[in-house]
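Novice: Protein chains in written order, with the working numbering: chain G, 22 to 424; chain D, 291 to 606.
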Amino acid sequence: MMPEVRWRRLPLNANYAVAHAVKDSDVDVVAAYPITPQTTVVEKISEFIANGELDAEMIHVESEHSALSACVGASAAGARVFTATAAQGLELMHEILHIASGLRLPIVMTIATRALSAPISIWCDYSDVMNARDASWVTMFVSSAQEAYDSVIQAFKIAEHPDVLLPVMVAYDGFIMSHTYEPVLVAEDPAPIREFIPKRRDRIVLDPEKPVTMGPIAMPEWYYEIKYQQVEAMKNAYRVVKETIDEFAKRFGRRYPVVETYRLEDAEIGILTYGAIYGTLREAIDIMRSKGMKVGAIKLRLWRPFPYEEVLQAIKHLKLLIVADRAISYGARIAGPVALEIMSLLLYESERPEVMSVVIGIGQRTVTEEDFEQIAKLGAKWLEEKRIPRETIYWGVRGVTYA
Amino acid sequence: MPERYYKSLRDLPKEEYLASGHRLCAGCAAGTIIRHLLKVAGPNTIVVTATGCLEVATTPYPLTAWRVPWIHVAFENAASVASGVEAAIKALQRKGLIDPSKRINIIAIGGDGGTYDIGFQALSGMLERGHKVMYLLYDNEAYMNTGIQRSGGTPQFAWTTTTPAGRVWKGKHQPKKPISDIVAAHRIPYVATANPAYVLDMVNKFRRALEVEGPSFVHVIQPCPTGWRFDPSKSIEIAKLATETGMWINWELDHGEFRVTVPVPKRKHVKHYIRAQGRFRHLTDEDIEKIQEYINKEVERINKLVGKEVIGPLAE
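Pasting the structure below:
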């Protein structure tokens, strides 16, 4: 019988919750560069190290490119490493994102999501993290500070699993979550957390006792096989993520399924989104339900690997699925990345809902319960009239209206 | 006098940590430099190498020439990766997760492109933060791995594929960036320049660079038969001419003390160095005189720094 974990209830924003998780995970090396709205993660970790609450090396790098490069070096040498960034910082890292996963290094990174320049915007959307889609990082979107704390701990477990050995990204809304305080339960004593994610010594590292060559040049006769191993690692990650969710729930009592639903069982219209506005969406569902509308909500927590089984299971009975994306793939007919992903899944299903792709909240354009209600009403009308738009709806842009 | 760890080449370990059979060009001095570096460093070493000739030529998967742990990540970040390796070793040793008593050398290696140009920011960051990493710059004065393009380390008037000699251009327009002076301005414990033709001087500098506490930087000239256009049998002769003409001066800056470690009492005219290489074939005698004037000024500056004439007058 495991001893009971004692929790301390603290007022924390998602950034501070992440910093607590990094401390409780006994990270060895942190390399990070300041960027709004991520900065306070690094500030808080620095405080923990400065006060001796976390024994780690902090590398105050001169750029995000170097932040991730230093993480690669430290992880290759066997350390548990962490970094955090947003927007332009994630873009500057982009080259190294692919190398971190190609070298199979279990780095954990959090993203306080932020819109990309130009024009420069420090505010939230998901265009930064969506641009990293194909970098072979396990990617989670979380919706509360508590979930951010718990997910960082889970991220180390997933990343370091011998069947996975891929880096993991945990993303949450910049400002909307990074700077908003919520009550969060953090471990009174980090020991149970550290027992949950013991330091493994079973992967290949840079060790003078056992010299290895990492990052060689692969000719055409080898490159493909090495990359295919990443394909398999992602498949394994799909299993390991779910196992980790179960183990975490069993040990700590909090469960975050890869796909979460709300009042969806008897719904005809489902609205799917991710990140903080899932909370707004649930409120909107309650309002619409009180008016007799048969609507429900779906939250996507896992983005890569894509939880296709759970998504299909959740949506197959719907008449209409509305996917509310927070990034734009410019020039695409279906410009919402998650909408596009789900439409490709449905191609193989004989019975499938209609899908409506909506882009919302770009550059932190406010999204309210009212917005979701209007979108759902429009969807219901178009469904009735059998004219669901074949291209993405850009909701909330001045001068662009739909009827 | 510089620290003398090795009095003769016989004092060097017999062990080889860079295996033969690598794919460096015949006559490539990079092999000579790295082989000696690893003899000095020994097995308790982790090497980070930037993208470049050395990286591609020594690690054609599934083969490797490295008998010490080695990592390549990208072109511009050897110094950042090495910073991470160093921090990890420190943290893991402090936490008792690896043997805390073992001293592990951490070496970052970059070519001129990876150091002067694309890797410059990462290098400066590593030096400023004071990581205990030895950075080795092997300088073949152009992007040789991609096929001889101009870098910040290419000397003035040198032909490269992006600074061709034509009716208007005479090779590269600008002189070489004074990279080691810029590194020295970071006030790190140890900065040196070395030349594989003066191998004893070079290996003693490697040893010193690995020994000091904090970052160190050794800048080695690396003649490249492919890009400089000379016969592969002449690499060390060309390297020697570089120092004999004052084109390359071997110095060290050890905790603020500056010394020229290979004095040249009588200097040869730079034409001996220039005329031995195809990359300068387009130059007239007048052009070569311009290079000579540039060297004369540089020699004067160095002699002033030392306070005596360590590099002598032109004799032939």
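Beta carbons: idealized from backbone N, C-alpha and C, even for Gly.
Would you call the CB atoms of Val-43 of chain G and Ile-80 of chain G closer than 8 Å?
Specialist: No; because the gap between Cβ atoms is not below 8 Å, this pair is not in contact.
Novice: Please check the pair Gly-296 of chain G and Asp-171 of chain G, which I expect to be a contact at CB under 8 Å, by giving their CB distance rounded to whole angstroms.
Specialist: Gly-296 of chain G to Asp-171 of chain G, Cβ: 16 Å. No contact.
Novice: Starting from the beta carbon of Val-63 of chain G, find every residue of chain D whose beta carbon is closer than 7 Å, and list them in chain order.
Specialist: Correct list: empty, because the minimum Cβ distance to chain D is about 15 Å.
Novice: Anything in the region 219-236 of chain G with a Cβ closer than 7 Å to a Cβ of chain D? List those residues in chain order, please.
Specialist: Listed in sequence order: Lys-220, Leu-227, Asp-228, Pro-229, Pro-232, Val-233, Thr-234, Met-235 and Gly-236.
Novice: Please check if any C-beta of chain D sits within less than 8 Å of the C-beta of Val-21 of chain G.
Specialist: No information on residue 21 of chain G is available, as it lies outside the stretch 22 to 424 that chain G covers here.
Novice: Nearest-angstrom Cα distance between Ile-336 of chain G and Pro-24 of chain G?
Specialist: Cα to Cα, Ile-336 of chain G sits roughly 39 Å from Pro-24 of chain G.
Novice: Report yes or no: is there a C-beta of chain G within less than 8 Å of the C-beta of Leu-417 of chain D?
Specialist: Not an interface residue.
Novice: Give me whichever residues DSSP pairs with Asn-395 of chain D in a beta bridge.
Specialist: Its beta-bridge partners are D:Thr-335.
Novice: Should Gly-296 of chain G be listed as close to the ligand COA, given that the test is whether its C-beta is under 7 Å from any heavy atom?
Specialist: The model depicted lacks the ligand COA and carries no ligand whatsoever.
Novice: Our contact map puts Ala-378 of chain D next to Ala-100 of chain G with C-beta atoms below 8 Å; I'd like the distance itself, whole angstroms only.
Specialist: Contact flag correct, Cβ pair sits at about 4 Å.
Novice: When DSSP labels each residue in this structure, what does Met-291 of chain D get in the three-state scheme?
Specialist: A caution first: Met-291 of chain D carries a pLDDT of 45, below 50, which makes its placement in the model unreliable, though a value can still be read off. Correct three-state label for Met-291 of chain D: coil.
Novice: I'd like to confirm the pairing. Which residues does DSSP put opposite Gln-439 of chain D in its beta bridges?
Specialist: D:Tyr-433, per the DSSP bridge assignment.
Novice: Assuming Leu-344 of chain D contacts Tyr-428 of chain D under a Cβ cut-off of 8 Å, what Cβ separation, rounded to an integer in Å, is found between them?
Specialist: So it is a contact: roughly 7 Å between Cβ atoms.
Novice: Is the CB of Ala-40 of chain G under 8 Å away from at least one CB in chain D?
Specialist: Closer than 8 Å: no.
Novice: To the nearest angstrom, how far is the alpha carbon of Ala-605 of chain D from that of Val-554 of chain D?
Specialist: The straight-line gap from Cα to Cα measures roughly 11 Å.
Novice: State the start and end residues of the unbroken alpha helix (DSSP H) segment that holds Ser-470 of chain D.
Specialist: Note, Ser-470 of chain D: alpha helix (DSSP H), 469-474.
Novice: Would the region 444-458 of chain D count as touching the region 470-479 of chain D if we require 3 or more Cβ pairs under 8 Å?
Specialist: The region 444-458 of chain D is not in contact with the region 470-479 of chain D.
Novice: Buried or exposed: Gly-110 of chain G, going by 16 or more other Cβ atoms within 10 Å of its Cβ?
Specialist: Counting Cβ neighbours within 10 Å, Gly-110 of chain G comes out buried, since at least 16 surround it.
Novice: What residue range does the alpha helix (DSSP H) around Arg-4 of chain G cover?
Specialist: In the structure as shown, chain G begins at 22 and stops at 424. Residue 4 of chain G is therefore absent and cannot be evaluated.
Novice: When the Cα atoms are used, what is the spatial distance from Phe-69 of chain G to Phe-177 of chain G?
Specialist: Taking the straight line joining both Cα atoms gives about 19 Å.
Novice: Nearest by alpha-carbon distance to Leu-75 of chain G: which of G:Val-93, G:Phe-103 and G:Asp-267 is it?
Specialist: Checking every option, the nearest Cα to that of Leu-75 of chain G belongs to G:Phe-103.
Novice: Nearest by alpha-carbon distance to Thr-387 of chain G: which of G:Glu-216, G:Val-359, G:Arg-347 and G:Ala-397 is it?
Specialist: Measuring from the Cα of Thr-387 of chain G, the nearest candidate turns out to be G:Arg-347.
Novice: Nearest chain G C-beta to Lys-380 of chain D closer than 8 Å, yes or no?
Specialist: Judged by the 8 Å Cβ criterion, Lys-380 of chain D is in contact with chain G.
Novice: Give me, in chain order, the residues of the same chain whose beta-carbon lies closer than 6 Å to that of Ile-409 of chain G; leave out the 5 immediate sequence neighbours on both sides.
Specialist: Correct list, in chain order: Glu-375, Met-377 and Trp-403.
Novice: Who are the neighbours of Ile-120 of chain G on chain D, taking C-beta pairs under 7 Å?
Specialist: Those within 7 Å of Ile-120 of chain G in chain D are Val-363 and Ala-364.
Novice: State yes or no: is the C-beta of Ile-578 of chain D within less than 8 Å of the C-beta of Ile-564 of chain D?
Specialist: Contact flag set, yes.
Novice: Please name the residues in the region 426-440 of chain D whose beta-carbon is closer than 8 Å to at least one beta-carbon of chain G, in chain order.
Specialist: Flagged: no residues at all.
Novice: What are the residues in the region 171-200 of chain G lying within 9 Å of chain D by C-beta distance?
Specialist: Taking 9 Å as the Cβ-Cβ cut-off against chain D, none of the residues of the region 171-200 of chain G qualify.
Novice: Shorter than 8 Å from the beta carbon of Tyr-406 of chain D to some beta carbon of chain G?
Specialist: No, its Cβ sits nowhere closer than 8 Å to a Cβ of chain G.
Novice: Would you mind telling me which residues of chain D sit closer than 9 Å to Met-23 of chain G, beta carbon to beta carbon, in chain order?
Specialist: What Met-23 of chain G touches in chain D: nothing, since even the nearest Cβ is about 24 Å away.
Novice: Taking 8 Å as the cut-off, decide whether the C-beta atoms of Leu-426 of chain D and Val-508 of chain D are in contact.
Specialist: Yes; because the gap between Cβ atoms is below 8 Å, this pair is in contact.
Novice: Could you give the distance in angstroms between the alpha-carbon of Gly-274 of chain G and the alpha-carbon of Val-261 of chain G?
Specialist: So the two alpha carbons sit approximately 18 Å from each other.
Novice: Is Val-371 of chain D close to chain G? Criterion is C-beta to C-beta, closer than 8 Å.
Specialist: Chain G, which has a Cβ nearer than 8 Å to the Cβ of Val-371 of chain D, makes this yes.
Novice: With a threshold of 8 Å between beta carbons, is Met-291 of chain D in contact with chain G?
Specialist: In this prediction, Met-291 of chain D scores a pLDDT of 45, lower than 50, which makes its location untrustworthy; no coordinate-derived value is stated.
Novice: In this structure, does DSSP put Trp-518 of chain D in helix, strand or coil?
Specialist: Looking at Trp-518 of chain D - three-state DSSP - the assignment turns out to be helix.
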